[in-house]
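Peer 1:
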Amino acid sequence: MSDPNFYLVMATAMLAGIGMITAAGLAGWRGWLSLKRQELSLTHQSETSHAAPTNAGARIEIADLKERIRKLEAIAAGVDL
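Residue numbering for the sequence shown follows full-length UniProt numbering, starting at 1 and increasing by one per position.
(1) Check for me: the alpha helix (DSSP H) holding residue 64 runs from which residue to which?
(2) Would you identify the three-state DSSP class for residue 34, choosing helix, strand or coil?
(3) To the nearest angstrom, how far is it from the Cα of residue 11 to the Cα of residue 17?
See the structure below:
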């Protein structure tokens, strides 16, 4: 254990291990960022491709759903309507 080469070899091995872990983490991070960019671009494309509903029945249904959501949020917050 007092051999200086042992410490040099161990330090080099640990440095190489840390480098491999760092490289793998960086590759994972880049992959995750790429995935999020794709999700955002798909979301943006779907928002721009769908026009606002022109049907009056659809507008009424959306307004009804929004009102239901407001009521449920008020119930969850403990507010009496």
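C-beta atoms are modelled at their ideal positions from N, C-alpha and C, and glycine is treated no differently.
Note that the structure is predicted; figures quoted are calculated from it, not measured.
Peer 2: Let me lay it out:
(1) For residue 64, the uninterrupted alpha helix (DSSP H) segment begins and ends at 56–77.
(2) helix
(3) Computed Cα separation, rounded: 10 Å.
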